[in-house]
Amino acid sequence: MNENHLLAEGFEAHRRHLRAVAYRMLGSLSEADDAVQEAWLRLSRSDTAAVENLGGWLTTVVGRVCLDMLRSRTARREEPLGVHLPDPVISGETGPGPEDQALLADSVGLALLVVLETLAPAERLAFVLHDLFAVPFDEIAPIVDRTPAAARQLASRARRRVRGAAPVPDADLARQREVVGAFLAAARDGDFEGLISVLDPDVVLRADYGPAPAPAPREVRGAAAVADQALTFSRLSSAGLLARPALVNGAVGVVSSRDGRPFSVLAFTVMDGRIAAIDILADPERLSGLDLTVLD
Numbered sequence: 001m002n003e004n005h006l007l008a009e010g011f012e013a014h015r016r017h018l019r020a021v022a023y024r025m026l027g028s029l030s031e032a033d034d035a036v037q038e039a040w041l042r043l044s045r046s047d048t049a050a051v052e053n054l055g056g057w058l059t060t061v062v063g064r065v066c067l068d069m070l071r072s073r074t075a076r077r078e079e080p081l082g083v084h085l086p087d088p089v090i091s092g093e094t095g096p097g098p099e100d101q102a103l104l105a106d107s108v109g110l111a112l113l114v115v116l117e118t119l120a121p122a123e124r125l126a127f128v129l130h131d132l133f134a135v136p137f138d139e140i141a142p143i144v145d146r147t148p149a150a151a152r153q154l155a156s157r158a159r160r161r162v163r164g165a166a167p168v169p170d171a172d173l174a175r176q177r178e179v180v181g182a183f184l185a186a187a188r189d190g191d192f193e194g195l196i197s198v199l200d201p202d203v204v205l206r207a208d209y210g211p212a213p214a215p216a217p218r219e220v221r222g223a224a225a226v227a228d229q230a231l232t233f234s235r236l237s238s239a240g241l242l243a244r245p246a247l248v249n250g251a252v253g254v255v256s257s258r259d260g261r262p263f264s265v266l267a268f269t270v271m272d273g274r275i276a277a278i279d280i281l282a283d284p285e286r287l288s289g290l291d292l293t294v295l296d
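The C-terminal residue of the sequence shown carries number 296 in the UniProt record's numbering, and the numbering is unbroken.
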């Protein structure tokens with residue numbers, strides 16, 4: 001077995017882990033795959049004789065690649081984009097397949113990824129690598145051109161923002177389904193009070209319609225405002241929709257289609273028996289790229 005084959009085998013053993021790191025860093029499945037491929041190219045061009053921990057080396061390489069991609073993304077962004085939801089990982093109600101299990105470890109729901117989108121690139125890297133993958137600050141520091149103490153401060157600042165804005169979902173899927181089912185039934189029946197009863201008072205609804213002018217508010221906060229929005233959506237959009245239950249990033253969600261084409265993906269964050277967040281992806285271009293065969 002030659003050296004290149006051994007190197008490729010070693011890389012493949014870490015691929016799922018690296019993709020999970022990149023997905024948390026970028027919130028994009030296609031960009032995560034690009035970052036992992038770039039890590040392989042760098043590995044194949046490097047002298048790895050002195051590398052004692054290949055997994056650690058690859059993780060830091062992927063971190064550098066993702067940091068560069070985030071900085072480039074920020075530099076290109078001239079106008080605020082409003083709400084931008086990360087790519088959802090969709091699976092059937094029986095759970096994700098082997099390829100997606102690593103992506104969804106540590107309860108990486110859309111609500112958490114949305115908050116990560118608001119962090120500065122260096123803060124996001126420090127938080128993701130340290131808090132989600134236990135990379136020491138001594139290894140994070142050179143990636144962000146900081147001292148270990150400064151890298152620790154980046155992660156601490158990010159952690160405070162995450163804790164304040166990303167609700168931790170209930171783990172019981174059966175309970176999630178019960179709450180979401182009650183919400184959908186109340187919206188279908190025009191039951192405002194029924195909606196209020198299953199919504200957290202501080203619930204936030206975020207909708208990503210893509211770059212075109214938004215047909216409705218992109219972000220709505222508060223139980224009454226979200227209930228109003230749900231009733232309006234149900235009246236205007238329910239005709240002809242086929243709604244299928246799904247798991248969206250491991251939590252209960254709904255995938256809707258019309259005339260055989262994806263219409264929306266709804267992800268619900270249920271916390272303490274009430275819906276704390278609803279994230280809606282309704283960007284036609286991004287929806288067209290989703291693999292929904294897992295629901296068939």
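The beta carbon of each residue, even a glycine, is placed where N, CA and C say it ideally should be. These numbers were taken from a predicted model, which means no experiment stands behind them.
- Non-local C-beta neighbours of E38 in its own chain, meaning closer than 6 angstroms and more than five positions away in sequence, comprise V65, ordered along the chain.
- Between D208 and D283 the beta-carbon gap is near 6 angstroms, inside 8 angstroms, which marks them as a contact.
- In this structure, A230 and G253 do not form a Cβ contact; the two beta carbons are roughly 15 angstroms apart against a cut-off of 8 angstroms.
- Membership of T269 in the beta strand (DSSP E) is indicated by the continuous run 261-271.
- L184 sits away from R274, with the two beta carbons spaced by 8 angstroms or more.
- Between G63 and V294, the C-beta gap is not smaller than 8 angstroms, which leaves the two residues out of contact.
- Taking 8 angstroms as the cut-off, the beta carbon of R163 is found no closer than this to the beta carbon of G210.
- Just so you know, the alpha carbons of D145 and L113 end up roughly 24 angstroms apart.
- Distance from the Cα of A243 is smallest, within the candidate group G250, S234, A251, for S234.
- Nearest in C-alpha terms to T74, of all of W57, E117, I90, is E117.
- For A158, the uninterrupted alpha helix (DSSP H) segment begins and ends at 148-165.
- In the three-state scheme derived from DSSP, where H, G and I count as helix and E and B as strand, P121 is classed as helix.
- Taken atom to atom, the span from the alpha-carbon of P148 to that of E12 is near 30 angstroms.
- If you draw a 10 Å sphere on the C-beta of L43, you find 16 or more other C-beta atoms in it, and that means buried.
- Around the beta carbon of T269, a 10 Å sphere encloses 16 or more other beta carbons of the protein chains shown; the residue is thus reported as buried.
- If the five residues before and after D170 are omitted, its C-beta is found closer than 8 angstroms to the C-beta atoms of Q176, V270, M271, D272, G273, all from its own chain and listed in chain order.
- For S257 and R71, the gap between their C-alpha atoms comes out near 35 angstroms.
- Under the DSSP assignment, I140 falls outside any beta strand (DSSP E), being part of the alpha helix (DSSP H) whose first and last residues are 137-140.
- By the Cβ neighbour-count rule, R45 is exposed, with fewer than 16 other Cβ atoms within 10 Å of its own.
- In this structure, M25 is the residue among L236, A155, M25, Q153 with its C-alpha nearest to the C-alpha of L110.
- Here the alpha carbons of D68 and V203 stand approximately 34 angstroms from one another.
- Shown here for H84: same chain residues with a beta carbon closer than 7 angstroms to its own, the five before and five after excluded, namely E117, D208 in chain order.
- Annotation for A251: G109, P169, Q176, A267, F268, T269 place their beta carbon closer than 7 angstroms to its own, counting only its chain and skipping 5 residues before and after.
- Looking at the DSSP output, D172 bridges to nothing.
- Counting along the chain, L70 sits inside the alpha helix (DSSP H) bounded by residues 54-76.
- Assigned with DSSP and collapsed to three states, D33 falls in helix.
- Residue pairing for D291: DSSP places it in no beta bridge.
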